[in-house]
Amino acid sequence: MSIRPARMEDAPALAAIYAPAVLHGTASFEIEPPSAAEMAQRLMKVKSHGWPWLVHVTMGTVDGYAYVTQFRDRPAYRYCGETSVYVAPNAQRTGIGHALLMAISSAARTAGFRQLIAVIGDSDNEASIGLHTACGFERAGLLKQIGEKFGKPLDIVMMQRSLIG
0 MSIRPARMED
10 APALAAIYAP
20 AVLHGTASFE
30 IEPPSAAEMA
40 QRLMKVKSHG
50 WPWLVHVTMG
60 TVDGYAYVTQ
70 FRDRPAYRYC
80 GETSVYVAPN
90 AQRTGIGHAL
100 LMAISSAART
110 AGFRQLIAVI
120 GDSDNEASIG
130 LHTACGFERA
140 GLLKQIGEKF
150 GKPLDIVMMQ
160 RSLIG
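Following numbering that gives the first Met the number 0, the numbering of the sequence shown begins with 0 at its first residue and continues without gaps.
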């Protein structure tokens, strides 16, 4: 097992990992899974800003990824990043998410971020909330019924981790 920076040729694997979360889960509020080409564009955008995007590889197969983007697109937010972490369904609950979130937090610090925000879709997503808590994030807020998917109103849990000190 290893963690390395994502490469453009990882785009099909990234799309395949993300698709089940879009189609069957509420961690992502997207409705249609992006294509490999769209994932390549997203990867290129992240890398063009110098922000980190990492993948977890087991026996040559990408089975998870994490990246950081600027929290909001205004200069005042330039030191605050938003994390995203996804693990292939068959690799969940194996420690990959924890390893990726810790690695991306370190990479975000190196990239100049001082604070990290996790915007967790669905307040019932105890696995993601637990993962972020285990990686040093603290609950920072709850936005009630801000999204809707599968005919169900959904909350967003906001969590934050300081990278200072």
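Virtual Cβ for every residue (Gly too), placed ideally from N, Cα, C.
- In chain order, V67, T68, Q69, F70, L115, I116, A117 and V118 place their CB closer than 8 Å to the CB of E81, counting only its own chain and leaving out the 5 sequence neighbours on each side.
- Three or more Cβ pairs closer than 8 Å define a contact, and the segment 57 to 66 meets that threshold against the segment 75 to 89.
- In summary, R160 is buried, with 16 or more beta-carbon neighbours lying within 10 Å of its beta-carbon over all protein chains present.
- Fully contained in the segment 22 to 46 is no alpha helix (DSSP H) run of length 4 or more.
- Cβ atoms of I2 and A102 come within 8 Å of each other, at about 5 Å.
- Selection K148, A139, A12 and K151 evaluated against M157 yields A139 as nearest (Cα-Cα).
- Here the alpha carbons of Y78 and R113 stand approximately 5 Å from one another.
- Out of A10, I128, K46 and N124, the CA that lies nearest to the CA of L153 is found in N124.
- R73 has its alpha-carbon roughly 25 Å from the corresponding atom of K143.
- Annotation: the continuous alpha helix (DSSP H) that includes M101 extends over I95 to T109.
- Excluding its 5 nearest sequence neighbours in each direction, K151 has C-beta neighbours in its own chain below 8 Å: T25, listed in chain order.
- Pairing A18 with A39 gives a Cβ-Cβ distance that is not under 7 Å.
- In terms of Cβ geometry, P51 and A106 form a close pair [threshold 7 Å].
- A139: member of the beta strand (DSSP E) spanning E137 to K148, first to last residue.
- Beta-bridge annotation (DSSP): P4 is paired with L53.
- Using a 10 angstroms sphere on the CB of I16, the tally of other CB atoms reaches 16 or more, which defines it as buried.
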